[in-house]
Amino acid sequence: MTEDTGTEPRGAAFDRAAGYRLLEELQDERTREATLPALEAVAPGFADWIVTSLFGGTYQRGGLSLRDRQIANLAALAAMGGVEPQLAGHVTTGLRVGLTAEEITEVFVHLAPYIGVPRAVAGLRVAAPALAAAGTASHTTGGAA
């Protein structure tokens, strides 16, 4: 065993079982069933890799709460664009980890000067029906900006 001097990279810890438990906490069954089997059919083992490395690895690290991680996810997905199904799912997950509809909406408003108004508006357009489907109030509009 070598001494940890703080200069060597730390090994990544992956906990497959913890990943699947966390996925069940974060996503409803309908979302999981709409994603994982379809991925498995196209790319066997890929869904398991995602769950193990992301939910059983990255999400298991300290430093950020699940709520904070969801804010980061919303921002990253909105900035990327073209990932509307994932963004809608993360809006729902945001509600599950304690974000309010107003906070989720405000994430997209806050992003406008950073990612551009069109991407922020696109995020709001994805968020509005996801929030409505979850039964939460949203004061977003479908109008163009």
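Each residue of the sequence shown is one higher than the last, beginning at 1 in full-length UniProt numbering.
Each residue gets a CB set at the ideal place from its N, CA and C atoms; glycine is no exception.
Own chain, CB closer than 6 Å to residue i, minus 5 neighbours either side, in chain order
{"i": "THR140", "result": "Its pLDDT being 43, under 50, THR140 is placed unreliably in this model, and the value from its coordinates should be taken loosely. THR105, LEU124 and ALA128, listed in sequence order."}
{"i": "GLU84", "result": "VAL126"}
{"i": "ALA47", "result": "LEU36, LEU39 and GLU40"}
Contacting residues, own chain, Cβ-Cβ under 7 Å from residue i (five flanking each side not counted)
{"i": "ARG67", "result": "VAL97, GLY98 and LEU99"}
{"i": "THR93", "result": "LEU26, GLN27 and GLN70"}
{"i": "GLU33", "result": "none"}
{"i": "PHE14", "result": "THR52, SER53, GLY56 and GLY57"}
Whether residue i touches residue j by CB criterion (9 Å)
{"i": "ARG16", "j": "GLY62", "result": "no"}
{"i": "GLY89", "j": "THR136", "result": "no"}
{"i": "ALA122", "j": "VAL91", "result": "no"}
{"i": "ALA18", "j": "GLN60", "result": "yes"}
{"i": "LEU95", "j": "VAL51", "result": "no"}
{"i": "ALA78", "j": "VAL107", "result": "yes"}
Closest Cα partner of residue i within the set the options
{"i": "GLY82", "options": "THR58, TYR20, GLU103 and PRO118", "result": "PRO118"}
{"i": "TRP49", "options": "LEU64, SER65, TYR20 and GLU8", "result": "TYR20"}
Would you check if the region 111 to 123 and the region 74 to 81 touch, i.e. whether three or more CB-CB distances between them fall below 8 Å? Result yes; three or more Cβ-Cβ pairs closer than 8 Å.
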